[in-house]
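*Asks:*
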Amino acid sequence: MLNKKRILILCTGNSARSQMAEGLLKHIREGEFEIFSAGTKPTLVRPEAIHVLKEINIDISNNRSKSIDEFANQEIEYVLTVCDNAKENCPYFPAKTKLIHRSFADPAQVEGDEEIRLAAFRKVRDQIQKYFNETFVEVIDNE
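Offset between the sequence shown (1-based) and the working numbering: plus 929.
1. Between the Cα of Glu1004 and the Cα atoms of Lys1025, Ser990, Arg993, which residue gives the shortest distance?
2. Indicate the three-state DSSP secondary structure (helix, strand or coil) for Ser966 in the structure shown.
3. Taking only runs of the beta strand (DSSP E) that begin and end inside the region 1026 to 1066, which ones reach a length of at least 3 residues, in chain order?
4. For Ile989 and Ser966, I'd like the C-alpha separation in whole angstroms.
5. Is it true that the CB of Gly960 sits closer than 8 Å to the CB of Gly942?
6. Count the other C-beta atoms from every protein chain shown that fall within 10 angstroms of the C-beta of Ser996, then say buried if there are 16 or more, exposed otherwise.
7. Reducing DSSP to helix, strand and coil, say where Met930 ends up.
8. Select from Ile938, Lys933, Ala1048, Lys934 the residue whose C-alpha is nearest the C-alpha of Val1008.
9. Secondary structure at Ser994, three-state DSSP: helix, strand or coil?
10. Starting from the Cα of Pro1036, find the closest Cα among Lys1059, Val981, His1030, Leu1028 and give me that residue.
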């Protein structure tokens, strides 16, 4: 059996955008790739991220924030940075690793009551899902 290509989704805290992206891409391309997420400064998975993915029947409640260091010296075919900070602080990867960048607003920065915060997370979730369906999958399919 051939090894699956590996995709690492990178953000700063590995708490919101990269966690949602990991869950969404695993759902969209189920079983086709090994998909992981990590952060340059990992924190905790945001409950809002778990909530808005659960709304579309994707469960990331068992996910944990991981450090990019956990993936050191591993072969990764694609690294997708989903925030500018992660792009700027992305560690070195071998030349054969394809680096892809698409920045999304950080919903964790939105202040307000629960509905305002959830609305921000839904907006980013939907933007990531649209990006995966319309652009990202074409990049990886055409390689």
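Every residue gets a Cβ at the ideal spot worked out from N, C-alpha and C, and that includes glycine.
Please read all numbers here as calculations on a predicted model, not as lab measurements.
*Replies:* So, to answer that:
1. Lys1025
2. strand
3. 1027 to 1030
4. 12 Å
5. no
6. exposed
7. Here Met930 scores only 44 on pLDDT, less than 50, and its place in the model should not be relied on; the value that follows carries that caveat. Residue state, collapsed to three classes: coil.
8. Ile938
9. coil
10. Val981
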